[in-house]
Amino acid sequence: MPELAPFRVSAQLALVTTLVLLVACLPLARWRLSVVRPWAGLLESFLMLTMVLPPTVVGFYFISLFSPGSPIGRAIERAFGLRLLFTFPGLALASCVVCFPFMYQTLKAAMLAIDPRLIESSYTLGKGRRETFFRVVIPHMVPGILSAVLLTFAHAMGEFGVALMVGGSVAGKTRTASIALYESVEAMRYSEARAYALAILAFSWLCMAALSLSGSRRALP
Amino acid sequence: MKAPCCFLALALFCAAAAAEDRDVIRVAAAANLSGTLELLARGFERTRPGTKVEAAFASSGALAAQIRAAAPYELFLSADTATPSRLESEGLAEGKVRVYAYGVLCVASRLGVDETGSLRFLAEGKYRSIALAKPELAPYGLAAFQALTASGLLGVLEERLVYGDNIGQVNQFVASAACDAGFVNLSAILADPAYAAEGRPGIAWVRVPAVLYGPIAQAGIVLRGDGSVEARERERNAASLFEYILSSEGRRILQKAGYGGPP
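Read top to bottom, the protein sequences are chains A and B.
Take 5 as the starting number for the first sequence in this note's numbering and just add one per residue.
Take 239 as the starting number for the second sequence in this note's numbering and just add one per residue.
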């Protein structure tokens, strides 16, 4: 029988990932669009790497970096008493790293589509950068934010590769829906696998449908 | 001119690959055999020059699923006896299921182990994450689960157990010190310089007493091809590789690599 717990883990993971990335990427995208130096582009390219990197690579480095046997892992454990590997916080961090490009790129594109004259007018009227950001930029990119949130949420919900590498499949903590599906296939419980797969398919399609319907309705002449 | 040349080169390459293909034996092997199978393959290739053994490693359950979906393997070396027996009863096999080795379960930890082989030391708070293979998928995971149950530790440790997809991943978790302790196979320990050995410091390990878990009988089977002439030849090659693994020389290699005989 398929269980509900893996779906709860996936939903929690997707929620945390989306919130963290939204809060981090909005100012980051704004900052990036005000810096045109090559080094900013290089930094961006590094952060965007996970879009093309196989999750196995991310997972492998994640384990090497955060293992309690490594200096970084030891330092984190000593400072916060927190272990990242095989725990939900660690999985959430890995998921944020992997999903970063989806949130960041979508937000940046939406921000770039804002009429610059609006922002200039705000400055001319004596408003500061911060106030302009919150009262002009963000209100003008709500559809873009919605797309970024949906895309990131859907992607994090289906997170598989990194979860397989660094999750440890701890029931109720790091066993996500797609991992549960993978395990039921390996254990040859095909009817259970069908139920998991269908549920994930339905949810992902819902997200994509919402994404399409919330997008621009403008027709190209 | 360029295009026909490329095409010709490609055609020649394909022809050469096809001719060579006949002497390749493709083995689907349980993850615990990685390393050991290479030694066996090298020994076999020495006795039959020209043949080549290619191996794919995964958990036995995953490999069985691939074989059912007509994956191109001629020999299946499982980590248990049930999976190959099931393939045999489904008519996917050519020969008989035969046990080629018995697995030896060990517990290893970077924080030290109890040399007597008792598992009670794992109850100490400093062992925060303990890795084992998934009991329902991997025989070494099942053996670890049995050993923990028999030691009365399952209840205490339940919250700290971390599951690897197969024994290879558990070995990665333990050898990279990502987990504080873990249940791995002896053959992985002997092959990996991260573990302590005579005159070499490293991750401490000890054999889990055989009374704590059911024997890990590893069986294999020659798989049935599509019935073509080429497939028959491949089956014969695979059968002789299996014979070699079961021979005294094969057994010697397995023993040296960390596999035991029947308990």
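The beta-carbon is built from N, C-alpha and C at its ideal position, and this holds for glycine as well.
| Check | Outcome |
| --- | --- |
| Mapping DSSP to helix, strand and coil, what is A:Cys29? | helix |
| Select from the region 286-320 of chain B all residues with a C-beta closer than 8 Å to any C-beta belonging to chain A, and list them in chain order. | Ser297, Gly299, Ala300, Ala302 and Ala303 |
| May I ask you to report which of helix, strand or coil DSSP gives A:Arg221? | coil |
| A:Leu168 versus chain B: which residues are under 7 Å apart at the beta carbon? | Asp403 |
| Grab me the residues of A:Cys100's own chain with a C-beta within less than 7 Å of its C-beta, minus the 5 sequence neighbours each way, in chain order. | Thr21, Val24 and Leu25 |
| For a contact meaning CB atoms closer than 9 Å, what does A:Leu228 contact in chain B? | Residue 228 of chain A is absent from the structure shown; chain A starts at 5 and stops at 225. |
| Can you tell me which of the three DSSP states B:Ala267 falls into? | strand |
| To which residues does DSSP link B:Tyr401 through a beta bridge? | B:Leu370 |
| Can you give me the start and stop residues for the alpha helix (DSSP H) that A:Arg41 sits inside? | Note, A:Arg41: premise wrong, no alpha helix (DSSP H); not H, not E. |
| Rounded to whole angstroms, what is the Cα-Cα separation between A:Leu201 and A:Ser208? | For the sequence presented, residue 201 of chain A should be read as Ala rather than Leu. Taking the straight line joining both Cα atoms gives about 10 Å. |
| What is the residue span of the alpha helix (DSSP H) that B:Val394 lies within? | Leu392 to Leu395 |
| Between the region 53-72 of chain A and chain B, which residues of the former have CB atoms less than 7 Å from a CB of the latter, in chain order? | Ile67, Ser68, Ser71 and Pro72 |
| Please report the distance separating the alpha-carbon of B:Ser356 from that of A:Leu155. | 50 Å |
| Would you call the region 266-283 of chain B and the region 470-489 of chain B in contact, with 3 or more CB pairs under 8 Å? | yes |
| Could you say which of B:Val400, B:Tyr482 and B:Ala432 lies nearest to A:Leu88 if we only look at CA atoms? | B:Val400 |
| What are the uninterrupted segments assigned as beta strand (DSSP E) that are 3 or more residues long and contained completely in the region 310-346 of chain B, given in chain order? | 313-315 and 336-341 |
| Might you give, ordered along the chain, the residues of its own chain that have their beta carbon closer than 6 Å to the beta carbon of A:Gly171, omitting 5 neighbours on each side? | Leu95 and Thr178 |
| Hey, how far is the Cα of B:Asp430 from the Cα of A:Pro42? | 44 Å |
| Among B:Asp403, B:Thr289 and B:Thr354, which residue has its Cα nearest to the Cα of B:Phe295? | B:Asp403 |
| Whose C-beta lies closer than 8 Å to the C-beta of A:Ile76 among residues of the same chain, with five residues either side of it excluded? | Leu69 and Phe70 |
| Could you tell me whether any Cβ in chain A is nearer than 7 Å to the Cβ of B:Leu461? | no |
| Identify whether A:Leu129 lies in helix, strand or coil by the three-state DSSP scheme. | coil |
| Can you list the beta strand (DSSP E) stretches of 3 or more residues lying completely in the region 426-494 of chain B, in chain order? | 442-445 and 454-460 |
| Taking 8 Å as the threshold, find out whether the region 260-277 of chain B comes into contact with the region 293-309 of chain B through three or more Cβ pairs. | yes |
| Would you call the region 442-457 of chain B and the region 340-355 of chain B touching, i.e. three or more CB-CB distances under 8 Å? | yes |
| Apart from the five residues on each side of it in sequence, which residues of its chain come closer than 6 Å, Cβ to Cβ, to A:Ala158? | Ser208 and Cys211 |
| Quick one, which residues of the region 319-341 of chain B are near chain A if we go by CB-CB under 8 Å, in chain order? | none |
| Secondary structure at A:Ala96, three-state DSSP: helix, strand or coil? | helix |
| Using three-state DSSP, classify B:Ala415 as helix, strand or coil. | coil |
| Once the 5 residues before and after B:Leu386 are set aside, which same chain residues still bring their CB inside 6 Å of it? | Leu392 |
| Taking Cβ positions, are B:Leu325 and A:Ala191 nearer each other than 7 Å? | no |
| Just to confirm the assignment, what range does the alpha helix (DSSP H) spanning A:Val61 have? | Pro59 to Phe70 |
| Listing by chain order, which chain B residues have their CB less than 9 Å from the CB of A:Glu163? | Simply none; closest approach about 16 Å. |
| Find out if the Cβ-Cβ distance for the pair B:Gln456, B:Ala317 is shorter than 7 Å. | yes |
| Quick one: Cα of A:Gly132 to Cα of A:Met5, how far? | 57 Å |
| Can you list, in chain order, the residues of its chain with a C-beta nearer than 6 Å to that of B:Ala257? Leave out the 5 residues immediately preceding and following it. | For B:Ala257, the predicted structure reports a pLDDT of 48, less than 50, and the residue's modelled location is therefore unreliable. A value from the coordinates is still provided. No residues qualify anywhere along the chain. |
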